[in-house]
Amino acid sequence: GLTYDRLILATGSDPIVPPLSGIGKQNIFAIRKNPEFHQSMLNQLDQTKNLVIIGGGFIGVEFAEECRKRRPELPITIIEMQEHCLQLVYDPEFCGTAEKGLADQRIQLLTSEKVVSFNGDGAVASVLLESGKVIPADMVILGIGCSANSNLAREAGLRIGPTKGIQVDASMRTSIPNIFACGDCAEKVSFFDGKPTAMKLASIATMEARVAGANVFQLQRKNIGVVGCFATVINQQAYACAGLTETQAKKMGYTIVVGQAEAINRHPGLMPGAAMMKVKLVFDAKTQILLGGQIVGALSAGELINGVSALIGKKATADDLALFQAGTHPALTASPIAYQLVNAAESALLKLRTAA
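For the numbering used here, add 973 to where a residue sits in the sequence shown, where the first one is 1.
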């Protein structure tokens, strides 16, 4: 066997497969990053008559869109146990906009529904819901997330965290100091309260890899915890978020103030590529520190939210955002007087002054 002075574990994650009746039937696919697997999915998709996707998060919604592009007339149904799709990362008004985007593509969304079983002889033929509804399905895609692949670490005697990830400190060291772990296999903690979180993103994994790599022989970098930064496109409209939603912040016990601003991403608004972009920012009312942001509209939202994530990580305040010097250009951004981040921060500050 191989010997080592330092070891980095990056064993990834496995798709969550719920222990439901009939889960082993043919043509039920738990999403994996594997070209051969994807080809087998496409082969089935090309001949399927009714597609059901379990999970209305990013995985489920994005797969529904891609399947619609490939099969324009195929009946597609998303089944989600929460009240809204994307509910874990957006506030209800943003979820509602996303749901309209799905409906406009004739993608049916069933919310507040739980799957009981998959029925059929050999291959899946239908999905039974807790409400008693039976949804026809000769293909099912499971898009309900993934869990840490920590089996090797467990067998080696490393501590495993409550979300089944390998327990690590801020330097990405495990319970055995010369073994590090990073990526989906490593336990995550929230930037906001330090509690374990099951969030898994490629952007988090690459950040953790940079921390682990820098610290292998000398501790130099620390992981500040998971902020959480997402972006997707639904019906040619961008949806992006970072940090806490208004709902999440309230659940954590924050007294919050919300600022919102909406403007066209060009000036004047008749320029090519002009599109509306709405920004919502959530601040701690006591400290004015930025806790989260949500953006919907122009595709540039995907880049703008990265800036919001960086500001959250640096604990920027509403005043910092209201006074920051933005680079603007008629063909690239909203006008200087309509710049959404600045005006959303000003909106929050006005509420704070009014309430004082």
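Glycine included, each C-beta is placed from N, C-alpha and C at the ideal position.
**OP:** Report buried or exposed for residue 1011, applying the criterion of at least 16 other Cβ atoms within 10 angstroms of its Cβ.
**Re:** Result: exposed.
Original post:
With DSSP run on the structure shown, which of helix, strand or coil describes residue 1338?
Top reply: The requested residue 1338 does not occur in the structure, where the chain is confined to residues 974 to 1329.
Subject >> Cα-Cα separation, residue 1236 to residue 980 >> reply: If you take the alpha carbons of residue 1236 and residue 980, they lie about 50 Å apart.
**OP:** With a cut-off of 8 Å on the beta carbons, I'd call residue 1058 and residue 1034 a contact; round off their distance for me.
**Re:** Going by Cβ atoms, the distance from residue 1058 to residue 1034 rounds to 6 Å, so yes, they are a contact pair.
Original post:
In terms of alpha-carbon separation, which member of 983, 1062, 1256 and 1018 lies closest to residue 1046?
Top reply: Comparing Cα positions, the closest option is 1018.
**OP:** Whole angstroms is fine: what's the gap from residue 948's alpha carbon to residue 1109's?
**Re:** What the structure shows of the chain is the stretch from 974 to 1329, and residue 948 is not part of that stretch, so it cannot be assessed.
Subject >> Beta-carbon proximity of residue 1284 to residue 1296, cut-off 8 Å >> reply: No, they are not a contact pair.
Subject >> Reference residue 1217; option with closest CA among 1172, 1187, 1208 and 1245 >> reply: When only C-alpha atoms are compared, the closest one is 1172.
Subject >> C-alpha distance - residue 1087 paired with residue 1052, whole-angstrom precision >> reply: If you take the alpha carbons of residue 1087 and residue 1052, they lie about 8 Å apart.
Subject >> Exposure of residue 1244, with buried meaning 16 or more beta-carbon neighbours within 10 Å >> reply: Burial is judged here by how many other beta carbons sit within 10 angstroms of a residue's own beta carbon; residue 1244 has fewer than 16 and is exposed.
Subject >> Interface flag, residue 1021 vs chain C, CB-CB below 8 Å >> reply: Annotation note: the requested chain C is absent from the structure, which comprises a single protein chain.
Subject >> DSSP state of residue 1147 mapped onto helix, strand, coil >> reply: Three-state result, residue 1147: coil.
**OP:** Output the residue ranges of the beta strand (DSSP E) runs that lie fully inside the segment 1173–1260 and measure 3 residues or longer, sorted by chain position.
**Re:** With a minimum length of 3 residues, the continuous beta strand (DSSP E) runs that stay inside the segment 1173–1260 are 1202–1207, 1210–1216, 1229–1237 and 1249–1257.
Subject >> Rounded distance between the beta-carbons of residue 1256 and residue 1232, thought under 8 Å >> reply: About 7 Å separates the CB atoms of residue 1232 and residue 1256; that is less than 8 Å, so the two are in contact.
Original post:
When burial is assigned at 16 or more other CB atoms within 10 Å of the CB, is residue 1260 buried or exposed?
Top reply: Exposed: under 16 other Cβ atoms inside 10 Å.
**OP:** State the beta-bridge partners of residue 1269 as determined by DSSP.
**Re:** Residue 1269 is bridged to 1212 and 1251.
Subject >> Best match in 1324, 1098 and 1186 for proximity to residue 997 [C-alpha to C-alpha] >> reply: Of the candidates 1324, 1098 and 1186, the one whose C-alpha sits nearest the C-alpha of residue 997 is 1098.
Original post:
If you drop the 5 nearest sequence neighbours on each side, which residues of the same chain put their C-beta closer than 7 Å to that of residue 1160?
Top reply: Same-chain partners within the cutoff: 1134, 1136, 1138, 1139, 1140, 1141 and 1169.
Subject >> Whole-number beta carbon distance between residue 1275 and residue 1213, since they are thought to touch under 8 Å >> reply: The beta-carbon separation of residue 1213 and residue 1275, rounded to 6 Å, stays under the 8 Å limit for a contact.
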